[in-house]
Amino acid sequence: MLWCVATLGGCLPAALAADALPTDRWLLQLAADHALNHRNERAPADVEHVRVLLESVLRINSQSLDAAVALYELADPASPAADALLDRILEIDPDHESAFETWIVRGLRRRQTIEEQRRWLQGLLTPARPASQRVAIHAHLAQLAWRQLDAAEAESHLRAAEAIEPSWPGLASLALDMLPPDAPAWRKLRALLRALRANPARIELAWRIGLLLDRAGLPNDAFEFYDYARRTHARMSAPPPIASDVYLALSRNALARGDIDEALNMGRAAVQAERNSYLPSFYLHWMLTRAGRSAEALVLRTTLGERFARIEDPRAWDARIIADAAWYYCTLDEQPQRALALAEHAVARAGDDPYVQRVFGWALALNGRDEAAAVALEPIAATDPFAAYRLALLYQHQDRTDDAARVIATLRVRPVAGPQRQLLDSLALEGVASRPADRGADERRILAEFDREVLHFFDDPTRYLELGIRPDTLNPVPGEGWEVSFTLRNRADFPIALGPGELVNPVLVLSLDCRGDQQRTYPALLSIPIDRRRILQPRQSITVRRTIDAGPLRRILRRTPQQLQRITVTALLDAERAAGGAWRTRISGQRAPALIINRIPAATGPEAWNALRAAVTDGRNLARFAALETLAELLGEYQNHRLQRLSYRPASVPAQRITSILRTTLDSADWETRARTLDALQVVGIDRTLLAAIEARLDDDHWLVRLMAVRLLGMRHGEAFSGQAARIARDDADELVRRLAATFTSETAPSSMPASE
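Take the sequence shown: its position 201, counting from 1, is numbered 1454 in my numbering, and each next residue is one higher.
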């Protein structure tokens, strides 16, 4: 039904109420168009072509943020031009947070020492700066001070930054890093939770929270974060493997919660994940024995014994493996002399390794060398429960009960389950088996304050971050200028950090499917960053406007004005390329619902023709430009049909009269009309009379008209235009015209582009 209605003569006059794009936005469209049409080559001449068009935008509209940003992306990152363009971006938009962050990073790189960097940043701190800039400066000053080990200054700048914007990217991680090693567990928990809230994709933080809660005697609370980390890890497209130590922690947690089967499963997973140590195997043996699976435990112990029996010359083996063998002979198959011989080899090569030191101390104790064992174990007893147990046991055997109690009292890591816990309980010392009534109270208080809603972000990112894609019109007509607004809106009750490495990387990848005279598919054609903000507060939104009527899509739409073209836009937010080349969303990304845009066919009846002529002669500028584009497209389509280049038969149009109109508007008193006509002629076959009129515009009074004439002739005639291009590149009064002409000289000239393209 839409097709039939759209081709009626009465449709077009209503459509002509729509306008072409303003000149600055039109030039942006041409820049995007050229870039997309040459996206696979990126020859220097094509890059310069795009650059000239973007600089033309800034001449027309000095406040065009889009042009300044696009020029920066084209610039050599190491060039002064890139610095100047960043300055220009921030002059246009001082609140462009991503640009300012880039500006700071570039400024820091130009300064060699931390002291020079610090002085430069301090000089930037003025009350006149926007808050978003001041918070970034304080954040960098805090990082520099921390690198200089100036904790007081780092703390001062961190607090200043937090006072402006507590959720600023990086602040939570820096606050966590700045905690002293002996900070109370509740402070560590609070800092970890804050960092996880800032970026819940950092599952290593969830593992650490689980470990901390386990040590606080809160295994059920710990499991909540372990489980979150495992589920999030499983959702990642290419996650790193889970480390053996993590599986061991999961096993101990399951044991503390009374889930023996899960504890065994995690113990087995730890063995499978570890290739450089036998410690997980020792733990699994203990688990199997505890669970009453003595046959399995015997098989494992025998296998380990056979492997360690092959160690004849310890010097040929890694020190950690030698230590593992010594530990085996200390615990699973007690052979004191062999254990000590191996431990001595290990400690001679890796004496600074606390694990090696513990094994050496145990082996000494097994051989009755109590004094030497105490010397070896005392330095590590506060952090190693195995060492603490053996040292306390040694003191008990010497009737030094107070010393044994002291060792256990100063143990900073209290395991809640596992072989270490079993050994400590066997000492029957006060304070080991019993637990204070208020143990974990501070941690429970901190947990109660933590809003767990952020942990559900990956369940459905669309619930928390709304992606809106809204075209100016769903039914554009030929010649009409239309763009698309892309909006991100925070629907959550927590801030969302934007950027690479943050919760969401705010870049859209757009694929287009166009169906009309035939089907055409353009996967991952456009990449659109929505990165003006680094933080989206609850209910805050950010919008960018872009044209998608560019590149191969624009070429098809201009060639087929009498065809209904159904355009389906597929957008992926925060996407990545899979191994096979296809694009997919990351864990925090989302796929927008398909957007369908119907480019309505142009009407060709008498009423439509009269409306077009009226728009050209009496219409407003933007309506005139739309009419000129429509006329040129209809003429080009008619010519391509005559040359049998189309798969359909368009309605006939008055070709000679259209040509006459276009020739006349080349001589218009309005420079914009002349420039727009020259671009419209890109889709038209040019005869000698029209060519002469175009070439006359090479001497036009207005620089943009000359630029468009050079562009038309260079793109259409290629090397045949090279001689004229060289003259213009040398003699034209305008720099941009000269530079564009230089891209069409013999050294850089592209092949000519036929009208059908």
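Just so it is clear, CB atoms sit at the ideal spot from N, CA and C, and this is done for glycine as well.
Whether residue i touches residue j by CB criterion (9 Å)
i: A1847; j: T1838; result: no
i: A1572; j: G1614; result: no
i: A1616; j: L1593; result: yes
i: F1747; j: I1840; result: no
i: E1733; j: T1740; result: no
i: W1836; j: P1782; result: no
i: A1398; j: R1371; result: yes
i: T1715; j: G1769; result: no
i: G1804; j: R1292; result: yes
i: L1289; j: S1309; result: no
i: I1575; j: A1596; result: yes
i: A1645; j: L1682; result: yes
i: I1914; j: L1943; result: no
i: T1857; j: V1936; result: no
i: L1424; j: A1392; result: yes
i: V1760; j: R1799; result: no
i: A1335; j: A1879; result: no
Supposed contact pair residue j and residue i - C-beta distance, whole angstroms, cut 8 Å
i: E1350; j: S1385; result: 5 Å
i: I1849; j: R1819; result: 7 Å
i: A1824; j: I1722; result: 6 Å
i: A1321; j: I1345; result: 6 Å
i: L1429; j: A1414; result: With 8 Å as the limit, L1429 and A1414 do not qualify as a contact, their Cβ atoms being about 14 Å apart.
i: Q1610; j: A1635; result: 13 Å between Cβ atoms; not a contact.
i: R1461; j: V1666; result: Actually they do not touch by this definition, with Cβ atoms about 14 Å apart.
i: A1946; j: L1919; result: 5 Å
Reference residue i; option with closest CA among the options
i: L1541; options: N1518, A1592, G1558; result: N1518
i: R1992; options: A1407, L1306, A1337, L1931; result: L1306
i: L1449; options: L1825, R1705, R1716, I1820; result: R1705
i: G1938; options: A1949, A1908, P1753; result: A1908
i: R1959; options: A1867, A1509, R1950, P1275; result: R1950
i: N1743; options: V1757, P1731, A1389, G1376; result: V1757
i: Y1717; options: Q1375, P1433, Q1793; result: Q1793
i: P1731; options: L1865, A1928, A1922, E1369; result: L1865
i: A1544; options: E1418, S1780, E1515, L1311; result: E1515
i: E1326; options: M1968, A1285, I1462, G1360; result: A1285
i: L1763; options: L1826, L1817, P1791; result: L1826
i: C1583; options: R1653, I1809, N1620, H1393; result: N1620
i: T1355; options: D1467, A1982, R1786; result: R1786
i: W1956; options: A1994, R1941, L1944; result: A1994
Residue span of the beta strand (DSSP E) that contains residue i, given as start and end
i: V1737; result: 1737-1743
i: Y1648; result: That residue, Y1648, is in no beta strand (DSSP E); its alpha helix (DSSP H) goes 1638-1650.
i: V1822; result: 1818-1830
i: Y1236; result: With the chain covering 1254 to 2010 only, the question about residue 1236 has no answer from this structure.
i: G1889; result: Per DSSP, G1889 belongs to no beta strand (DSSP E); it is in the alpha helix (DSSP H), 1874-1895.
i: L1306; result: Per DSSP, L1306 belongs to no beta strand (DSSP E); it is in the alpha helix (DSSP H), 1297-1313.
i: T1366; result: No beta strand (DSSP E) holds T1366; DSSP gives it neither H nor E.
i: G1842; result: 1836-1844
Residue span of the alpha helix (DSSP H) that contains residue i, given as start and end
i: N1851; result: Taken as a continuous stretch (DSSP letters only), N1851 belongs to no alpha helix (DSSP H), being part of the beta strand (DSSP E) at 1848-1852.
i: D1940; result: Run containing D1940: none; DSSP gives neither H nor E here.
i: R1991; result: 1988-1995
Assigned exposure category for residue i - 16 Cβ within 10 Å defines buried
i: T1637; result: Contrary to the premise, residue 1637 reads as Asp rather than Thr in this sequence. It counts as buried.
i: G1263; result: Because G1263 sits at a pLDDT of 35, beneath the cut-off of 50, its placement in the model cannot be relied upon, and the point is left open.
i: V1552; result: exposed
i: G1842; result: buried
i: E1696; result: buried
i: E1925; result: buried
i: Q1525; result: exposed
i: E1251; result: Nothing about residue 1251 can be read from this structure; the chain reaches only from 1254 to 2010.
i: A1273; result: buried
i: E1988; result: exposed
i: R1698; result: exposed
i: G1671; result: buried
i: P1453; result: buried
i: T1912; result: buried
i: D1954; result: exposed
i: Q1771; result: exposed
i: E1966; result: The residue you asked about is not Glu; residue 1966 is Leu in the sequence shown. Buried, since its Cβ has 16 or more Cβ neighbours within 10 Å.
i: R1591; result: buried
i: N1893; result: buried
i: Q1365; result: exposed
i: Q2033; result: Missing from the structure shown is residue 2033; the chain here goes from 1254 to 2010 and no further.
i: N1473; result: exposed
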